[in-house]
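Undergrad:
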Amino acid sequence: MKIIKTVLFLTALTLVLPSLMKAEFNEKGIFEISSDFSAFNSENFKGYTKPLFTTIGQGAQSNLFSVANYNDSYSIGLDISLSSTIIPGSQGTYNAMLPAAFGDTSIMDNAIYKNGQVIRNISGTVEQPTIYGGSSNAIYVVSPVAGGDPADSIYKTIGYNEGNNISTMASLPAIQLVFGLPTQTELRFRYLGAPIDEEMYNHIAVSANQQVDQWFDLFEKDDNMALAIHGSYQFMTLAETIDMNSWAAGVHFSKGFGDGLSVYTGIQLEDLGGTFNVARQNGYQEEFYISGTDELKPFNNVPTELQAQYVAHVAARRDTENSPFEEVRLLKPISFDIETFTNWRFTVGGAYEYGIMEFHLDIGYASQMFLNGGLRLRFKDWANNSEIEN
Amino acid sequence: MKNIKYILLALISTFAIFSIQSCDVTDVTDVTLQLTIDFDPKFEDRSVPDSSIEVVNLEDYPEYNDNKDDIEDAEILHFNYSINDIKTSDNLPIDSIEFEKVTFYLIPTVTDGGNRIPGQRYKLGEFENLKVSDYYKTAKHIIEVGDDVGKLISEQIKETPYFVFVTEYSALKGENRDNYFDYIDAHVDMVIRVKTSE
Numbered sequence: 007m008k009i010i011k012t013v014l015f016l017t018a019l020t021l022v023l024p025s026l027m028k029a030e031f032n033e034k035g036i037f038e039i040s041s042d043f044s045a046f047n048s049e050n051f052k053g054y055t056k057p058l059f060t061t062i063g064q065g066a067q068s069n070l071f072s073v074a075n076y077n078d079s080y081s082i083g084l085d086i087s088l089s090s091t092i093i094p095g096s097q098g099t100y101n102a103m104l105p106a107a108f109g110d111t112s113i114m115d116n117a118i119y120k121n122g123q124v125i126r127n128i129s130g131t132v133e134q135p136t137i138y139g140g141s142s143n144a145i146y147v148v149s150p151v152a153g154g155d156p157a158d159s160i161y162k163t164i165g166y167n168e169g170n171n172i173s174t175m176a177s178l179p180a181i182q183l184v185f186g187l188p189t190q191t192e193l194r195f196r197y198l199g200a201p202i203d204e205e206m207y208n209h210i211a212v213s214a215n216q217q218v219d220q221w222f223d224l225f226e227k228d229d230n231m232a233l234a235i236h237g238s239y240q241f242m243t244l245a246e247t248i249d250m251n252s253w254a255a256g257v258h259f260s261k262g263f264g265d266g267l268s269v270y271t272g273i274q275l276e277d278l279g280g281t282f283n284v285a286r287q288n289g290y291q292e293e294f295y296i297s298g299t300d301e302l303k304p305f306n307n308v309p310t311e312l313q314a315q316y317v318a319h320v321a322a323r324r325d326t327e328n329s330p331f332e333e334v335r336l337l338k339p340i341s342f343d344i345e346t347f348t349n350w351r352f353t354v355g356g357a358y359e360y361g362i363m364e365f366h367l368d369i370g371y372a373s374q375m376f377l378n379g380g381l382r383l384r385f386k387d388w389a390n391n392s393e394i395e396n
Numbered sequence: 018m019k020n021i022k023y024i025l026l027a028l029i030s031t032f033a034i035f036s037i038q039s040c041d042v043t044d045v046t047d048v049t050l051q052l053t054i055d056f057d058p059k060f061e062d063r064s065v066p067d068s069s070i071e072v073v074n075l076e077d078y079p080e081y082n083d084n085k086d087d088i089e090d091a092e093i094l095h096f097n098y099s100i101n102d103i104k105t106s107d108n109l110p111i112d113s114i115e116f117e118k119v120t121f122y123l124i125p126t127v128t129d130g131g132n133r134i135p136g137q138r139y140k141l142g143e144f145e146n147l148k149v150s151d152y153y154k155t156a157k158h159i160i161e162v163g164d165d166v167g168k169l170i171s172e173q174i175k176e177t178p179y180f181v182f183v184t185e186y187s188a189l190k191g192e193n194r195d196n197y198f199d200y201i202d203a204h205v206d207m208v209i210r211v212k213t214s215e
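Residue numbers (the working numbering), protein chains in the order written: chain A, 7 to 396; chain B, 18 to 215.
1) What did DSSP end up calling A/L383 once you bin it into helix, strand or coil?
2) Going straight from the alpha carbon of A/V354 to that of A/Y371, what length do you get?
3) Given a cut-off of 9 Å, decide if A/R196 and A/A211 are closer than it, judged by their beta-carbon atoms.
4) Strictly below 7 Å CB to CB, what residues from chain B border A/A144?
5) Just the C-alpha distance for A/Y146 and A/G279, rounded to the nearest angstrom, thanks.
6) Considering A/G355, what are the terminal residues of the beta strand (DSSP E) in which it resides?
7) Select from the segment 151-168 of chain B all residues with a C-beta closer than 8 Å to any C-beta belonging to chain A, and list them in chain order.
8) Is B/N74 close to chain A, meaning its C-beta is less than 9 Å from at least one C-beta of that chain?
9) Would you list, in chain order, the members of the segment 95-113 of chain B that have their beta-carbon closer than 9 Å to a beta-carbon of chain A?
10) Measure the alpha-carbon distance for A/Y207 versus A/T136 and round it to whole angstroms.
11) Compile a chain-ordered list of the residues in the segment 144-169 of chain A whose CB is closer than 9 Å to at least one CB of chain B.
12) Return no unless some Cβ of chain B is closer than 9 Å to the Cβ of A/M242.
13) Consider the Cβ of B/V119: report whether some Cβ of chain A lies at a distance smaller than 9 Å.
14) If the criterion is Cβ atoms closer than 9 Å, does the pair B/L52 and B/R210 meet it?
15) Nearest chain A C-beta to B/F35 closer than 9 Å, yes or no?
16) I need the DSSP call for A/P135, collapsed to helix, strand or coil.
17) Using the DSSP secondary-structure output, state which residues sit across from A/S260 in a beta bridge.
18) Nearest CA to the CA of A/L58: which residue from A/A232, A/D229 and A/T348?
19) Leaving out five residues before and five after B/I93 in sequence, what residues of the same chain have Cβ atoms less than 6 Å from its Cβ?
20) Assuming A/E333 and A/I36 form a contact by the criterion Cβ under 8 Å, report the distance between their Cβ atoms to the nearest whole angstrom.
21) What are the complete beta strand (DSSP E) segments, minimum 3 residues, inside the segment 90-118 of chain A?
22) Can you tell me whether B/R63 is helix, strand or coil according to DSSP?
23) Since B/A203 and B/P58 should fall inside the 8 Å C-beta cutoff, what is the C-beta to C-beta distance between them, to a whole number of angstroms?
24) Keeping to the same chain, check which residues put their C-beta closer than 8 Å to that of A/S142; ignore five residues upstream and five downstream.
25) Please name the residue, chosen from A/N32, A/S41 and A/E30, that lies closest to A/E327 on a Cα-to-Cα basis.
26) Whose CA, out of B/Y139, B/E115, B/I174 and B/F121, lies closest to the CA of B/Y152?
27) Whole angstroms are fine: how far does the CA of A/T163 sit from the CA of A/A117?
28) From which residue to which residue does the beta strand (DSSP E) around B/P125 run?
29) Kindly list, in the order they appear in chain B, the residues whose Cβ is closer than 8 Å to that of A/D115.
30) If you follow the beta strand (DSSP E) that A/L367 is part of, which residue opens it and which one closes it?
31) Checking the sheet assignment: what are the DSSP bridge partners for B/Q51?
32) Using a Cβ cut-off of 9 Å (strictly closer), state whether B/V181 contacts chain A.
33) Does the segment 85-96 of chain A come within contact of the segment 281-299 of chain A, defined as at least 3 CB pairs closer than 8 Å?
34) List the residues of chain B that A/Y119 touches, going by C-beta distances under 9 Å, in chain order.
35) What is the DSSP secondary structure of A/P201, reduced to helix, strand or coil?
36) Determine, using beta carbons only, whether A/S5 and A/E276 come nearer to each other than 9 Å.
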């Protein structure tokens, strides 16, 4: 379970100070777990963690804007914000993949005990909790059903990891440098970097807001209204293990009411993608196997320079030789394309400006509803070639 | 303007409440696993009614060994009982063998000066009118263990990996009530919820 914890931690590291991470990287820069880790195959780990990646993606693309009225001057400032997401019940479960033979009654009899009911001979997929969900449901397996010794069968009762019953989730504070330009443009930058083992975790974000209503004379000055577009690109990397990128594009609108009070709203399209790759110690190499099969080559047919690794691989396979999942049995890496549930979000909020400070607070509707609040400080503003001290 | 202030106040209050109640990443990285174990209680060379006694050693399972020092809670959730093979001395056909009752017990153990001492016996559950043919190599006979008994393992598992699983076979129904069995090869799959903390 330490291994699972470490892997989850790795997955969660964009939400926590990465320096807390204890990881071991191999010579290729890939995070490596021990060969007896059999709790997940790639497909199920992807489903288990998808809501977490959604939180990460939403957190990264939160607080891109507040009031849409941008000064036509140079400025420099800082924005610090916090966000908290509300996890919908639908993201508490995923369809976990079952081993291929499940449902084949000539090989096995299986049954799941769920809500006091016994459901037999399930196949394909089965609903299990995600990292935010609740209890899992083990699947009882008796195999073979005729003759043979159960001890020799790779089909045994399987358990799934439980969730942590999480309904709300806080993300790390987002600290952004904010630069204003005379074109009524605002640029925002975020960076978070931390050493993990001998590798470096990096999260770099660049976003831009451009007020556009003045180009089309949409509003009268007295209306105190503004319309702007925004975009953001971010990437998060950790050696060869995590390579994520996220983008967002949208439009936002605000209206001021005097006395520093404004309300704002926006809509944006966003996505988070990338790859997640974790190796197993003494793991699978194509050169060890007869092409197109899961049969090991004879020792002498393995290239000489790989023979020592081949021996270690064969020994390591003894830990997982009874796993019903081929990927686990052959010690293949946990590798998948990162996905999230969120593509659209609608934001509405309010801001109060007082001196160099702007307090902003908004609520967003996306696949995970979120609340975001923060403080923006504008240290200096240069307008019409004269410096304005705030 | 008043309305806007009220909206902002409501937003601030909501944000504060959710921020306080939100979980952080340490919750995300808590791991609760359903550990699956299996063992084969053997009833050999005896007449019923009598019991088989199986000493289960969790150290046979790598998931337990990897985490035994960090176990915070453990609980037996449920188990499946099936029969792999059975033979009576007078070769009764399987279809004709029916027990009045088969009852399962858990005996937690404690370690004292290196010796394992079995504790009290707790009932895990039972099947009545157990027809052997219905239990032959099947996964459908699952007994849910009550919280009170299931959680008994939580404390003992931190001290010793051993517990005792007792299968108590009643007399048979019908004739040959105290029949002699060469063997009853049973199989038990058990699911134990294990939560760790570091």
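The C-beta atom is built at its ideal place from N, Cα and C for all residues, glycine as well.
TA: Let me spell this out:
1) Indexing the first sequence from 1 puts residue 383 of chain A at position 377. Here A/L383 sits in strand by DSSP.
2) Along the first sequence, read from residue 1 onward, the residue named residue 354 of chain A stands at position 348. Along the first sequence, read from residue 1 onward, the residue named residue 371 of chain A stands at position 365. Cα-Cα distance, rounded: 9 Å.
3) Working through the first sequence from its first residue, we reach residue 211 of chain A at position 205. Working through the first sequence from its first residue, we reach residue 196 of chain A at position 190. It is a contact, given that the beta carbons lie within the stated cut-off.
4) Counting from one through the first sequence, the residue named residue 144 of chain A turns up at place 138. Under the 7 Å cutoff, chain B gives Q51, T53 and V208.
5) As a working note, residue 146 of chain A is residue 140 in the first sequence. As a working note, residue 279 of chain A is residue 273 in the first sequence. Rounded to whole angstroms, A/Y146 to A/G279 spans 35 Å at the Cα level.
6) Counting from one through the first sequence, the residue named residue 355 of chain A turns up at place 349. W350 to Y360 is the extent of the beta strand (DSSP E) around A/G355.
7) The segment 151-168 of chain B vs chain A, Cβ under 8 Å: K154, T155, A156, K157, I159 and E161.
8) The count along the second sequence starts at 1 and reaches residue 74 of chain B at position 57. Not one chain A Cβ lies under 9 Å of B/N74.
9) H95, F96, N97, S99 and N101
10) Position 201 of the first sequence holds residue 207 of chain A. Position 130 of the first sequence holds residue 136 of chain A. A/Y207 and A/T136: Cα-Cα distance of roughly 25 Å.
11) A144, I145, Y146, V147, V148, S149, P150, V151, A152, D155, P156, A157, K162, T163, I164, G165, Y166, N167, E168 and G169
12) Numbered from 1 along the first sequence, position 236 holds the residue referred to as residue 242 of chain A. At a cut-off of 9 Å between C-beta atoms, A/M242 does not count as an interface residue with respect to chain B.
13) In the second sequence, counting from the first residue as 1, residue 119 of chain B sits at position 102. No, no contact with chain A.
14) To locate residue 52 of chain B, count along the second sequence from 1; it is residue 35. To locate residue 210 of chain B, count along the second sequence from 1; it is residue 193. Their beta carbons are under 9 Å apart, which means B/L52 touches B/R210 by this criterion.
15) Within the second sequence, residue 35 of chain B is the residue found at index 18, counting from 1. Low confidence applies here, because B/F35 scores a pLDDT of 49, under 50, leaving its location unreliable; read the following figure in that light. Closer than 9 Å to some Cβ of chain A, the Cβ of B/F35 qualifies, so yes.
16) The count along the first sequence starts at 1 and reaches residue 135 of chain A at position 129. In the structure shown, the three-state DSSP call for A/P135 is strand.
17) Position 254 of the first sequence holds residue 260 of chain A. According to the DSSP secondary-structure assignment, A/S260 is paired through a beta bridge with A/A232 and A/Y270.
18) The residue you call residue 58 of chain A lines up with position 52 of the first sequence. Answer by Cα proximity: A/T348.
19) Position 76 of the second sequence, counting from 1, holds the residue named residue 93 of chain B. For B/I93, where only same-chain residues beyond five positions count, the Cβ hits under 6 Å are V162, G167, I170 and I209.
20) Counting from one through the first sequence, the residue named residue 333 of chain A turns up at place 327. Counting from one through the first sequence, the residue named residue 36 of chain A turns up at place 30. A/E333 to A/I36, Cβ: 16 Å. No contact.
21) 99-103
22) Looking up residue 63 of chain B in the second sequence gives position 46. In the structure shown, B/R63 sits in a strand (DSSP, three-state: E or B).
23) Mapped onto the second sequence, residue 203 of chain B falls at position 186. Mapped onto the second sequence, residue 58 of chain B falls at position 41. So it is a contact: roughly 5 Å between Cβ atoms.
24) Reading the first sequence from its first residue, position 136 is the one you call residue 142 of chain A. So the list reads Q134, P135, G165, Y166, N167, E168 and G169, once near-sequence residues are dropped.
25) Looking up residue 327 of chain A in the first sequence gives position 321. Residue A/S41 is the option with its Cα nearest to A/E327.
26) Indexing the second sequence from 1 puts residue 152 of chain B at position 135. Ranking the options by Cα distance to B/Y152, first place goes to B/E115.
27) Position 111 of the first sequence holds residue 117 of chain A. Position 157 of the first sequence holds residue 163 of chain A. Approximately 9 Å, taken between the alpha carbons.
28) Locating residue 125 of chain B in the second sequence gives position 108, where the first residue counts as 1. E115 to D129 is the span of the beta strand (DSSP E), which, as asked, contains B/P125.
29) Here residue 115 of chain A refers to the residue found at position 109 of the first sequence. The answer, in chain order, is K154, T155, A156 and K157.
30) Numbered from 1 along the first sequence, position 361 holds the residue referred to as residue 367 of chain A. Counting along the chain, the beta strand (DSSP E) containing A/L367 begins and ends at M363 to Y371.
31) Counting from one through the second sequence, the residue named residue 51 of chain B turns up at place 34. Its beta-bridge partners are B/R210.
32) Taking the first residue of the second sequence as position 1, residue 181 of chain B is located at position 164. Cβ-Cβ to chain A under 9 Å: no for B/V181.
33) Of all C-beta pairs linking the segment 85-96 of chain A to the segment 281-299 of chain A, fewer than three are shorter than 8 Å, placing the two stretches out of contact.
34) Translated into positions along the first sequence, residue 119 of chain A becomes position 113. Within chain B, the residues near A/Y119 are L94, H95, N97, I159, E161 and V208.
35) The residue given as residue 201 of chain A occupies position 195 in the first sequence. The answer is strand: DSSP assigns A/P201 an E or B state.
36) The displayed coordinates of chain A run from 7 to 396. Any statement about residue 5 of chain A would go beyond what the structure contains.
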